[in-house]
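First the structure, in the form of structure tokens, and then the observations on it.
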Amino acid sequence: MRLVFLGAPGVGKGTQAKKLEQAYGWTVIATGDLLRAAIANNTPLGQQAKQYIERGELVPDALVNQIVAERLQGLSDFILDGYPRNLAQAEMLEQMLSQPLDAVVYFALDTEALIARLGGRRICPNCGAVYHQIANPSKAGDRCERCGTPLVVREDDNPETIRNRLKVYEEQTAPLIAYYESKNLLRRVDADATPEEVFARLLQALGLQ
Ligand code: AMP
1390 MRLVFLGAPG
1400 VGKGTQAKKL
1410 EQAYGWTVIA
1420 TGDLLRAAIA
1430 NNTPLGQQAK
1440 QYIERGELVP
1450 DALVNQIVAE
1460 RLQGLSDFIL
1470 DGYPRNLAQA
1480 EMLEQMLSQP
1490 LDAVVYFALD
1500 TEALIARLGG
1510 RRICPNCGAV
1520 YHQIANPSKA
1530 GDRCERCGTP
1540 LVVREDDNPE
1550 TIRNRLKVYE
1560 EQTAPLIAYY
1570 ESKNLLRRVD
1580 ADATPEEVFA
1590 RLLQALGLQ
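My numbering puts the first residue of the sequence shown at 1390, with every later residue one more than the last.
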């Protein structure tokens, strides 16, 4: 399956993408994760992307399009998590694909719930596992239950940057909902539930269960 996951920051796209990858073996391409890895490794891409991510702004299309094009090469099944994030990226994606998308899943959640989720998020800087202090705490306390690394707050999960990311989402990314609806690709999933319940809804929305 060729899928795009759409939705505001904090809605749980990454969690659901990883679950689907585990269940079906489809490759997740998460642009945010790739950019954070580039920053951690201090690559030229990371050096260019850092300032934008820290401000909660979108990294320039040319940089992101190139990472996605490289990752998509030769893949017949994939889940794009966090891309496209504006109309220009959506149009570029169409050009990159040799076969059209099967579906775009839109995860819906109200703003208050998004802010609560982003505020409690903790990530493992080593293996990328994602936890939530209340909804999904690590069994190893303040360390990653998979690899034992101390958990951290994502740098862009501070209140000021969160506000900006939500604004950028509303202005630039939310118009993609109507865009993909008009192409008959959109599947809506209500994300106001536990990760397990949202996953069941996702499978249903994709006709997999
Ligand atoms: P995420 O992990 O998806 O929340 O992404 C974190 C940050 O990475 C975003 O706030 C952007 O600064 C940057 N980013 C991720 N994906 C994209 C994209 N498709 N286009 C531009 N910037 C992106």
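Every residue, glycine too, gets a C-beta built ideally from N, C-alpha and C.
Since the model is a prediction, treat every value here as computed from it, not as a measurement.
Proximity below 9 Å, CB of residue i to CB of residue j
i	j	result
residue 1492	residue 1575	yes
residue 1429	residue 1421	no
residue 1393	residue 1490	yes
residue 1416	residue 1467	yes
residue 1504	residue 1461	no
residue 1498	residue 1589	no
residue 1409	residue 1565	no
residue 1446	residue 1553	yes
Three-state secondary structure (DSSP) of residue i
i	result
residue 1416	strand
residue 1406	helix
residue 1454	helix
residue 1564	helix
residue 1427	helix
residue 1491	coil
residue 1545	coil
residue 1515	coil
residue 1466	coil
residue 1475	coil
residue 1552	helix
residue 1444	helix
residue 1395	strand
Contact belief for residue i with residue j at Cβ below 8 Å, rounded distance in angstroms
i	j	result
residue 1495	residue 1577	5 Å
residue 1557	residue 1512	With a Cβ gap of about 20 Å, residue 1557 and residue 1512 do not count as contacting.
residue 1529	residue 1517	16 Å between Cβ atoms; not a contact.
residue 1539	residue 1532	6 Å
Option in the options with minimal Cα separation from residue i
i	options	result
residue 1562	1431, 1450, 1408 and 1409	1450
residue 1391	1553, 1537 and 1488	1488
residue 1444	1597, 1543, 1583 and 1457	1543
residue 1457	1482, 1446 and 1500	1482
residue 1501	1406, 1580, 1525 and 1426	1580
residue 1475	1408, 1454 and 1411	1454
residue 1407	1598, 1596 and 1591	1591
residue 1433	1446, 1515, 1452 and 1442	1452
Original post:
Can you find at least 3 beta carbon pairs, one from the stretch 1502-1522 and one from the stretch 1544-1552, that sit closer than 8 Å?
Top reply: The stretch 1502-1522 vs the stretch 1544-1552: in contact.
**OP:** Count the CB pairs spanning the stretch 1555-1572 and the stretch 1513-1521 that are closer than 8 Å, and state whether there are at least three.
**Re:** Of all C-beta pairs linking the stretch 1555-1572 to the stretch 1513-1521, fewer than three are shorter than 8 Å, placing the two stretches out of contact.
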